[in-house]
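In this note's numbering, the protein residues as written are 325 to 491.
A virtual CB, placed ideally from N, CA and C, is assigned to each residue, including glycine.
Since the structure is predicted, the reported quantities are computational estimates derived from the model, not experimental observations.
For reference, the structure is listed below as structure tokens.
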Ligand code: S3P
């Protein structure tokens, strides 16, 4: 199987869908933020605070290069800005998980650990700023995507099924 790369805005459920897909269709689930945290031995939040965003974006680029050369049979969930990396199309089929901003924000707030979910995301500290970023990125996500799946009102397993159907 060629890799599948899930892109989309913060909080849309990329990691959850990747794990559901891996369980259902016998693939490996990998997350780029997890890879970066283990490369650096520190949390994304601390990388942003201690080194700044451009440093983090360089790490994403390194990660994209490594994935394109070394990984197969995997479904890869990515950070919300990973779609801008140069080698993304070389990694595999790019699938956008799409949702309205309101549904994303409500999804985060509905989580039992909502505070933690927001606190760990440096670019989701102010909902107004996050909405602005969402608007800026909306069309860009669609340009990069090979496939778009709307995730609103779907369970992670339903989204996984839909991805399988479309690929
Ligand atoms: C980011 C999204 C985050 C994380 C970092 C930057 C972004 O990942 O990579 O905080 O630029 O949208 P999630 O999409 O998992 O929140």
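Those residues which DSSP pairs with residue i across a bridge
i: residue 419; result: 330, 471
i: residue 355; result: 401
Residue i versus residue j: straight-line alpha-carbon distance, rounded
i: residue 353; j: residue 453; result: 30 Å
i: residue 346; j: residue 398; result: 8 Å
i: residue 335; j: residue 396; result: 25 Å
i: residue 404; j: residue 457; result: 10 Å
i: residue 466; j: residue 402; result: 15 Å
i: residue 455; j: residue 409; result: 22 Å
i: residue 464; j: residue 411; result: 16 Å
i: residue 459; j: residue 426; result: 12 Å
i: residue 438; j: residue 432; result: 6 Å
i: residue 382; j: residue 487; result: 29 Å
i: residue 380; j: residue 394; result: 21 Å
i: residue 357; j: residue 351; result: 19 Å
Within 9 Å, strictly: CB atoms of residue i and residue j
i: residue 359; j: residue 342; result: no
i: residue 415; j: residue 355; result: no
i: residue 483; j: residue 413; result: no
i: residue 424; j: residue 476; result: yes
i: residue 421; j: residue 338; result: yes
i: residue 419; j: residue 471; result: yes
i: residue 436; j: residue 344; result: no
i: residue 372; j: residue 461; result: no
i: residue 417; j: residue 474; result: no
i: residue 366; j: residue 374; result: yes
i: residue 485; j: residue 348; result: yes
i: residue 446; j: residue 429; result: no
Residue interval of the alpha helix (DSSP H) (run including residue i)
i: residue 386; result: 377-394
i: residue 481; result: 480-490
i: residue 343; result: 338-349
Length-filtered (4 minimum) alpha helix (DSSP H) runs lying within the segment 428-477: 438-443, 451-468
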